[in-house]
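Beneath this line is the structure, given in C-alpha cells, with notes to follow.
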Amino acid sequence: MTGAGPAGRPLLISVDDLPVAGGGIHTDPAERERITQGLLAVLAKHHVPAVGLVIWGNVKTDADRAILRRWLAAGHELGNHSASHFDLTTTAADAYVIDVEAGRAGLASFLAREENRKLRFFRFPFLDEGDTPAKLDAVRAYLARSGQRNLPVTIDDQDWMFEKPWVEARRKDDRKEMDRVGDEYQESLHVEVRDQEARGDRLFGRPVPQILLLHANEVGAAQWDRLFTWLEKRGYRFARADEVLADAVFKDDPRYVGDASFGLWDRFIALRRARDAQSGVEALLQTQSEAWNRGDLDAFTAVYAEDASFLSPTGLTRGRQQVLERYRRRYPDRKAMGTLSLEVIEARPAQGIEVTPLDDARPSRVHAVSVAARWKLTYPDQPEKKTAEGLTLLVLRRHGGSWEIVQDASM
Ligand SMILES: [Zn+2]
-17 MTGAGPAGRP LLISVDDLPV AGGGIHTDPA ERERITQGLL AVLAKHHVPA VGLVIWGNVK
43 TDADRAILRR WLAAGHELGN HSASHFDLTT TAADAYVIDV EAGRAGLASF LAREENRKLR
103 FFRFPFLDEG DTPAKLDAVR AYLARSGQRN LPVTIDDQDW MFEKPWVEAR RKDDRKEMDR
163 VGDEYQESLH VEVRDQEARG DRLFGRPVPQ ILLLHANEVG AAQWDRLFTW LEKRGYRFAR
223 ADEVLADAVF KDDPRYVGDA SFGLWDRFIA LRRARDAQSG VEALLQTQSE AWNRGDLDAF
283 TAVYAEDASF LSPTGLTRGR QQVLERYRRR YPDRKAMGTL SLEVIEARPA QGIEVTPLDD
343 ARPSRVHAVS VAARWKLTYP DQPEKKTAEG LTLLVLRRHG GSWEIVQDAS M
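Those letters in the sequence shown? Residues -17 to 393, by my numbering.
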C-alpha cells in the first residue's frame, strides 16, 4: 500500500444513494449485486471505513436489503438519506420532515433488527439545507429531536454525472469510450479535491480533514481503486466518521440559507462574505454620519453613486450632484443640519451562486446590500428645535473595493 500512514490528512468517504445510485439505470438485481461487490472490494482493499447514506424508498426488495447487509457486514456505517430524496427548496418543510422521518424509521428498525446498530447520521438530498430561515430551523429542530446529525460534505463533486455515459459505454463494450469517461471521472475528482482542499485550508489556516461525496454507482466500482490510490499519494488517510467529525471545524453547522447545493467550506465562505459586506456597509454609513456631524455635505454625499436615485416625500432626485445640491438647499448651514444618528434595523446582502465549468455551484460575491435604517436629527444647542426622525431604505452596490449608495428612499 502507498498509504501516507497515520500522519496523513483524515478523509471520510461518504457514499450516497444506497442501495444503488441511479436506480433507473440498474434494475437487474444481479447487476446491482455486482456493483455493490465492486464498491465493497475497493473499500476493503484500501481499508476505507465508509458511511453509506440510504434512500429508504429505494429499498424495495429482499435483494436490496441484502445489499445493505453486505455494507454492514463489511464494517461500514449506514445513515439516513430520506425516503424519497426530496429537494428542500421545492418541498414544504412539514412534507420534507415527514419524508425524512419515514427514511429514518425504516432504516433505524432495519439496523436494530439486523445488527443492533443505531442510526446516527442524516445527509440532505442535493445538499440543500433550506432556502428560507423557517425551513432551515424546522428541519434542524426535527433532526435534533430525532437524534440525527447532519453529515456534511466538504468535497462536493459531480461523480454521479459520469454514471450514465459509463454504463452506456460498458453495455456496448466500447472500451475506448469507457477509458475516456474514466479519465474524465478521475480528472474532475482531482480538480474538486485540490480546490476544496485549498478552500478549507485557507478558511481555517491549517490542513483540515475532509469529507468526500461519492455515489454507490457502477462507474465508482470501476474507478475508485485509481481514485483512492491517488488520494493516498496525495497524503490522505481514510478515517472513521468519529475521528473526522471530532475536528473543531465540524463543531458548528453554518446557518447558510439558500437554494444552492454547497459543500461545507462554501457555506462558511458565503456566510463570511455576507458578514464582511454587512460590516463594510455599516462602517460606510458610520463614516457618512460623521461627515454630516462635522458639516461636510461633500463627504456625506460622496458615497452616493454618480447616477444614484434619491426618493423622498417631496419627490425624486437623480444623480449625486443633484443630491448634494438638494441637501445644500435644505441644510444651508451647520446649525440647520443638527446631529445625525443612523440606526441600522437590518442589512440584507444580495448573494447568489456562480457555476464552475464543472457544473458545480459556488457562492457568489455579495453584489449588493439593502439596508433599512432609522435616522434621527437632534439639535442639542437649539432647545426650541424639535427632533426630526424617520426611516430610510438604502440600496448599496459594490464599487471598487468599497460600496456606494445607488438608491435611497427616505421618509
Ligand atoms: Zn442523494
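All C-beta atoms, glycine included, are put in the ideal place defined by N, C-alpha and C.
Which residues bound the beta strand (DSSP E) around residue i?
i: residue 38; result: Unbroken run through residue 38: none, as it is neither H nor E.
i: residue 350; result: 343 to 360
i: residue 455; result: Nothing can be reported for residue 455: it is not among the residues displayed for the chain, which extend from -17 to 393.
i: residue -7; result: -9 to 0
i: residue 386; result: 384 to 392
i: residue 286; result: 286 to 294
i: residue 193; result: 192 to 197
i: residue 59; result: 59 to 62
Going straight from the alpha carbon of residue i to that of residue j, what length do you get?
i: residue 47; j: residue 40; result: 10 Å
i: residue 54; j: residue 28; result: 17 Å
i: residue 155; j: residue 149; result: 9 Å
i: residue 288; j: residue 282; result: 13 Å
i: residue 220; j: residue -5; result: 7 Å
i: residue 217; j: residue -10; result: 5 Å
i: residue 6; j: residue 196; result: 18 Å
i: residue -17; j: residue -8; result: In this predicted model, residue -17 has a pLDDT of only 42, less than 50, meaning its place in the structure is not dependable enough to derive any value.
i: residue 168; j: residue 62; result: 27 Å
i: residue 298; j: residue 356; result: 20 Å
i: residue 322; j: residue 271; result: 6 Å
i: residue 374; j: residue 113; result: 27 Å
i: residue 205; j: residue 14; result: 16 Å
i: residue 391; j: residue 301; result: 14 Å
i: residue 247; j: residue 213; result: 19 Å
i: residue 303; j: residue 274; result: 16 Å
i: residue 111; j: residue 338; result: 21 Å
i: residue 22; j: residue 233; result: 30 Å
i: residue 280; j: residue 308; result: 12 Å
i: residue 97; j: residue 126; result: 24 Å
i: residue 93; j: residue 350; result: 49 Å
i: residue 201; j: residue 145; result: 5 Å
Leaving out five residues on either side along the sequence, give the residues of the same chain with a beta carbon under 6 Å from the beta carbon of residue i.
i: residue 20; result: 203
i: residue 34; result: -3, 0, 53, 58 and 60
i: residue 336; result: 344 and 346
i: residue 49; result: 1 and 18
i: residue 255; result: 348
i: residue 389; result: 291 and 377
i: residue 159; result: 151
i: residue 207; result: 24
Can you tell me whether residue i is buried or exposed? The criterion is at least 16 other CB atoms within 10 Å of its CB, across all chains shown.
i: residue 227; result: buried
i: residue 17; result: buried
i: residue -2; result: buried
i: residue 378; result: buried
i: residue -13; result: Here residue -13 scores only 45 on pLDDT, less than 50, and its place in the model should not be relied on; the value that follows carries that caveat. Per the 10 Å Cβ criterion, exposed.
i: residue 85; result: buried
i: residue 43; result: exposed
i: residue 230; result: exposed
i: residue 8; result: buried
i: residue 199; result: buried
i: residue 139; result: buried
i: residue 372; result: exposed
i: residue 240; result: buried
i: residue 26; result: exposed
i: residue 370; result: exposed
Which whole-angstrom value describes the C-beta separation of residue i and residue j, a residue pair presumed to lie in contact below a C-beta threshold of 8 Å?
i: residue 260; j: residue 329; result: 5 Å
i: residue 142; j: residue 89; result: Contact flag wrong, Cβ pair sits at about 21 Å.
i: residue 133; j: residue 108; result: Wrong, their Cβ atoms sit about 14 Å apart, outside the cutoff.
i: residue 193; j: residue 135; result: 6 Å
i: residue 151; j: residue 163; result: 6 Å
i: residue 81; j: residue 66; result: 5 Å
i: residue 237; j: residue 118; result: 7 Å
i: residue 137; j: residue 245; result: 6 Å
Measure from the C-beta of residue i to each C-beta in chain B and report whether the shortest distance is under 8 Å.
i: residue 150; result: Going by chain labels, chain B is absent from the structure shown, which holds only one protein chain.
Where do the N-terminal and C-terminal ends of the alpha helix (DSSP H) with residue i fall, by residue?
i: residue 224; result: 223 to 227
i: residue 303; result: 302 to 312
i: residue 253; result: 246 to 275
i: residue 122; result: 115 to 127
i: residue 204; result: 200 to 215
i: residue 159; result: 157 to 186
i: residue 369; result: Premise fails: residue 369 is in no alpha helix (DSSP H) and is neither H nor E.
i: residue 237; result: It is not in any alpha helix (DSSP H) - residue 237 carries neither H nor E in the DSSP assignment.
i: residue 14; result: 11 to 27
Between residue i and the rest of its own chain, which residues show a CB-CB distance below 7 Å, the 5 nearest in sequence each way excluded?
i: residue 277; result: 316 and 319
i: residue 367; result: 361
i: residue 386; result: 285, 286, 287, 378 and 379
i: residue 222; result: 31
Hey, is residue i close to ligand 2, as in C-beta under 7 Å from one of its heavy atoms?
i: residue 107; result: Within the structure as shown, ligand 2 is missing, the only ligands being ligand 1.
Skipping 5 residues on each side, what residues in its chain have a beta carbon closer than 8 Å to that of residue i?
i: residue 183; result: 189 and 190
i: residue 124; result: 79, 82 and 83
i: residue 116; result: 75
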